[in-house]
Structures are given as C-alpha cells and as structure tokens.
Amino acid sequence: MLQESRSVVRHLLVHTEAVRVIQPKHPSVNPSRWVLQSLISRRWDISQHDADNGTGYGRKLLHHVCDDESLVSWALDHGYQPDACTLDHPCSCPPLLDTVALKGSVVTYKLLASLGLPRGSRTLHLAVDSCTNPSNLRKAMAKFLVDELELDVNGLDTLGFLPDHWGSTLCYAARWKSGHEEVIRFLLERGANPTLSSDAAPMWYKSLSQARTKGCRLCYDNG
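Residue numbers (the numbering used here): 10 to 232.
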C-alpha cells in the first residue's frame with residue numbers, strides 16, 4: 010500500500026495541476042507523512058479546506074487527522090494554519106476543537122486551544138456522544154471539559170434546531186441504548202438535569218424523552 014501511495018505521489022509531482030486539486034480529505038485516508046511532505050514540496054496548500062460539495066463539509070486536514078497527536082504536531086510544524094472555520098453555514102466546517110472533543114486527545118485539545126481557537130456550541134456534547142467508545146481517552150475528554158474547563162453540563166447545543174443536534178449533554182448520552190452508562194452517571198453527579206426542557210423544544214430534544222425511546226434506564230430512573 011505504501012509503495013502504491015508513493016507511486017501515485019511521484020506521478021502527481023510531474024503533474025502540478027493535479028496536485029492543486031487534491032483536497033485534505035484525500036491524503037487523510039491512511040495518512041503518510043511522506044505523502045504529505047511530497048505534496049507540500051509541490052506547493053500543495055496544507056491549510057486549505059475541502060470543497061464544500063455536500064460530502065466534505067469544508068473540513069481541513071486536522072479535522073480528519075486530529076485523533077493522531079503526533080501528526081497534528083507535525084502538520085503545525087510544517088506550516089498548517091488553523092483557523093476558526095468561518096464558512097457561511099455552521100454545519101459546513103465545525104470548529105476544530107469540537108472535532109477534537111469528539112475523537113482527539115486532551116493533549117491535542119490543549120495544544121490547539123493554546124493557539125486561540127474557539128470552541129463551538131457543542132464541544133462537550135460531542136465528547137459525551139463519543140463515550141460509547143470504551144476507550145479511556147473518550148472518558149478523559151469528557152471529564153477534562155467538565156472538571157477543568159467547567160463547561161456547562163446543562164447547556165444546549167444550539168438555540169435553534171439543526172440536523173443531528175439533540176439538545177443537552179444528557180440527550181446525547183440517552184439517545185444510545187447502551188454504552189453511555191458511565192458518562193450518564195458522571196453527568197448526573199456533576200449536576201446534569203434530566204428534566205431540563207424548553208417550551209420551544211420538540212419532544213425529542215428532552216433527555217427523558219430520549220431515555221424512554223431508547224430504553225436508557227439510568228437516565229430515566231433519575232428523572
């Protein structure tokens with residue numbers, strides 16, 4: 010596979026125009042520093058956005074590879090310029106720190122936060138959502154965001170209603186039938202309110218409704 014990748018890059022090095030149309034999502038599949046360095050040497054923009062064509066959502070390289078601490082550091086050392094992803098639609102390019110909360114490490118989060126990047130409205134929500142993964146890294150992220158950064162466990166993810174936005178952090182946890190027991194218990198211990206509601210919110214926007222629908226007894230029994 011590595012030899013095939015290098016052959017492709019060698020071909021592209023001869024065709025500069027082809028290099029320019031490569032989007033960050035392409036070399037992010039099984040990423041190789043050799044491939045990235047070769048592209049950079051041919052004036053490939055390591056900081057560009059994916060084309061917003063309905064599937065790429067305008068993401069940048071670190072959105073794709075932020076689960077790799079060493080590659081994040083490598084990209085920053087090789088000229089990657091993070092930004093606030095100020096594209097027109099909020100779903101086009103999620104804040105990088107939100108993506109790190111979803112799949113990266115606390116170390117990576119702290120590194121990128123030190124560069125002045127802003128959080129989005131659902132940093133903690135995405136961290137909670139990822140806690141079905143048994144990895145201790147995911148639980149560590151949720152704990153870091155609540156205990157160190159003091160993010161609000163009862164905060165809503167948006168003032169309006171967008172696709173794949175579920176409301177409070179407990180809504181994100183309760184929408185799963187299993188795997189979130191530990192993070193639900195953690196949120197409840199930190200003051201999460203399972204009866205939190207808004208007159209303007211649809212029924213699925215409430216954690217108790219999610220709990221009833223998905224069979225999440227721990228959340229429902231505490232409501």
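All residues carry an ideal CB built from backbone N, CA and C; glycine is no exception.
- Annotated three-state conformation of residue 69 is strand, per DSSP.
- If the five residues before and after residue 58 are omitted, its C-beta is found closer than 6 angstroms to the C-beta atoms of 67, 69, all from its own chain and listed in chain order.
- Counting along the chain, no alpha helix (DSSP H) covers residue 161, and no H or E run does either.
- For residue 112, the enclosing alpha helix (DSSP H) has its first and last residue at 105-112.
- Where residue 46 is concerned, the enclosing alpha helix (DSSP H) starts and stops at 42-50.
- For residue 107, same chain residues with a beta-carbon under 6 angstroms away, outside a window of 5 residues either side, are 129, 132, 135 in chain order.
- Residue 52 and residue 44 have their C-alpha atoms some 13 angstroms from each other.
- Assigned with DSSP and collapsed to three states, residue 58 falls in strand.
- Rounded to whole angstroms, residue 89 and residue 109 show a C-alpha spacing of 16 angstroms.
- When DSSP states are grouped into helix, strand and coil, residue 134 belongs to the helix group.
- Contact annotation: residue 87 and residue 37 have beta-carbon atoms that are not nearer than 7 angstroms.
- Distances from the CA of residue 164 to each of 148, 181, 150, 157 were compared; the closest alpha carbon is that of 181.
- By the beta-carbon neighbour count (other beta carbons within 10 angstroms, threshold 16), residue 204 is exposed.
- When DSSP states are grouped into helix, strand and coil, residue 120 belongs to the helix group.
- In the DSSP assignment, residue 34 falls outside any alpha helix (DSSP H), carrying neither H nor E.
- DSSP places residue 83 within a helical segment (H, G or I) once states are collapsed to three.
- Remark: C-beta atoms of residue 162 and residue 200 approach each other more closely than 7 angstroms.
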